[in-house]
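**Student:** If you scroll down you'll find the structure; I have some questions about it.
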Amino acid sequence: MNKEDIIKLPKLDLHCHLDGSLSKTFLENALGRTFTVEELSVSMDCNSLVEYLEKFDIPLEAMSTIENIKAATVDVMKSASAEGVRYIEIRFAPLLSVSDSMKTGDVIEAVIAGINEGSKLFNIHGNAICCAMTHHDIEESKAMFKVAREYYGFGVAGLDLAGDEANHPIGEFKDLFKYATDLGMNFTIHAGEAGPKSNIEGAIEYGAKRIGHGIAMRNDERLLKLAKDRQIGIEMCPISNYQTKAVGKNETYPYADYIKRGILATVNTDNRLVSNTSITNEILFLQERNMISDSDIIQGIRNAIEVSFASDNIKDMLLKELN
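So that you can map any letter, position 167 of the sequence shown is 167 in UniProt numbering, and since no number is skipped, the others follow by simple counting.
As structure tokens, then:
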């Protein structure tokens, strides 16, 4: 399958951070200054997740008003649509943008408005995922989840936990995800990227429908079987996983192995700007290294449709486009 064929496929992006996916043009317009690619993106020489996360300061500075948050969301929808993505779940941490002039609900509404406008303009469907951050107070995160619940099914499709996974084991968040379960909301959890495989097991135990990254379970037969048996979606982000050193430079990426095992693995971007990527680039990256076959590509899209938080109508539409 060549690049043109990949672009034509009706792709999904289920793990895409809003702040890490803004275009250089958007940031320059929003902040009124110019940036080099090096200021906004990392290369394969990036040393760690901590270094990678330093690139988020500039985008967060640009997301300080309701208008900018909405425009930022439209910008990501435009970038995704341009490479043939038909459905995207844009995740963001509302509490990172809350200020004296912006409440949690304002931030969420701005993202939903951006998704709705982007859908109309660019022939792409989308939903929002609201992220709690590992460094935020649990009670504050619960309060954010409660506000997000008001928009559930009306633009918000689920919840997430992101941040410094290595220093915040999953056990710290048991109450938070019991609360998410009580709210009746779908959730995904970042686990097994920079942290141990026990975080993945805990996330599954707490009721996560999907796992963000899920790299740390690659050599654990018991955990791989658990993920398969529970039909857990694995949101894999190859380029960023090599950049953050979740996967070593000379190691084989585990995506094809997960697919072979019948695990619901998917290919995603993580951060379109910070990793300088797209779904097409992610697939080409694996293809150039002989780590993905054409059937693996198609199966990943099928998996993404199955584990997405989209409505049944959109899932049916996407399946028809794929077949």
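We treat Cβ as the ideally placed atom computed from N, Cα and C, and that holds for glycine.
1. Is the distance from the Cβ of Val111 to the Cβ of Ala132 below 8 Å?
2. Evaluate Val76 with the Cβ neighbour count: other Cβ atoms within 10 Å of its Cβ, from every protein chain shown; 16 or more gives buried, anything less gives exposed.
3. Quick one: using the 10 Å Cβ neighbour count with 16 as the cut-off for buried, is Ala143 buried or exposed?
4. Applying the 10 Å Cβ sphere with the 16-neighbour rule, what's the burial state of Ala304?
5. Just list the residues that DSSP pairs Ile189 with in beta bridges.
6. Please state whether the Cβ-Cβ distance between Gly118 and Gly105 is less than 8 Å.
7. What residue range does the beta strand (DSSP E) around Glu89 cover?
8. Provide the residue span of the beta strand (DSSP E) that contains Leu159, from first to last.
9. Tell me the rounded alpha-carbon separation between Ile200 and Ala191.
10. Val267 and Tyr255 - do their beta-carbons sit closer together than 8 Å?
11. Assuming Gly233 and Lys209 form a contact by the criterion Cβ under 8 Å, report the distance between their Cβ atoms to the nearest whole angstrom.
12. Please report how far the alpha carbon of Asn323 lies from the alpha carbon of His168, in whole angstroms.
13. Rounded to a whole number of angstroms, what is the C-alpha to C-alpha distance between Ile259 and Leu286?
**Tutor:** Taking the geometry as given:
1. The residue given as residue 111 occupies position 111 in the sequence shown. The residue given as residue 132 occupies position 132 in the sequence shown. No, the Cβ-Cβ distance between Val111 and Ala132 is not below 8 Å.
2. Within the sequence shown, numbered from 1, the residue matching residue 76 stands at position 76. Buried is the call here.
3. Walking along the sequence shown from the start, residue 143 turns up at place 143. Label assigned to Ala143: exposed.
4. For the purposes of this step, residue 304 is identified with residue 304 of the sequence shown, where counting begins at 1. That one is buried.
5. Position 189 of the sequence shown, counted from the first residue, corresponds to residue 189. Beta-bridge pairing links Ile189 to Ile211.
6. As a first step, residue 118 must be located in the sequence shown, where it is residue number 118. As a first step, residue 105 must be located in the sequence shown, where it is residue number 105. Against a cut-off of 8 Å, the Cβ pair of Gly105 and Gly118 comes out as no contact.
7. Within the sequence shown, numbered from 1, the residue matching residue 89 stands at position 89. Per DSSP, the continuous beta strand (DSSP E) segment holding Glu89 begins and ends at Val85 to Phe92.
8. As a first step, residue 159 must be located in the sequence shown, where it is residue number 159. Run containing Leu159: Val156 to Ala162, per the beta strand (DSSP E) assignment.
9. As a position in the sequence shown, residue 200 is number 200, starting the count at 1. As a position in the sequence shown, residue 191 is number 191, starting the count at 1. About 5 Å.
10. The sequence position of residue 255 within the sequence shown is 255, counting from 1. The sequence position of residue 267 within the sequence shown is 267, counting from 1. Cβ atoms of Tyr255 and Val267: closer than 8 Å.
11. Start at 1 with the first residue of the sequence shown, and residue 233 comes out as number 233. Start at 1 with the first residue of the sequence shown, and residue 209 comes out as number 209. The beta carbons of Gly233 and Lys209 sit about 6 Å from each other, so the pair counts as a contact at 8 Å.
12. The residue given as residue 323 occupies position 323 in the sequence shown. The residue given as residue 168 occupies position 168 in the sequence shown. Near 42 Å, if we compare the C-alpha coordinates of His168 and Asn323.
13. Residue numbering aside, residue 259 sits at position 259 when the sequence shown is read from its first letter. Residue numbering aside, residue 286 sits at position 286 when the sequence shown is read from its first letter. Those two C-alpha atoms are separated by around 14 Å.
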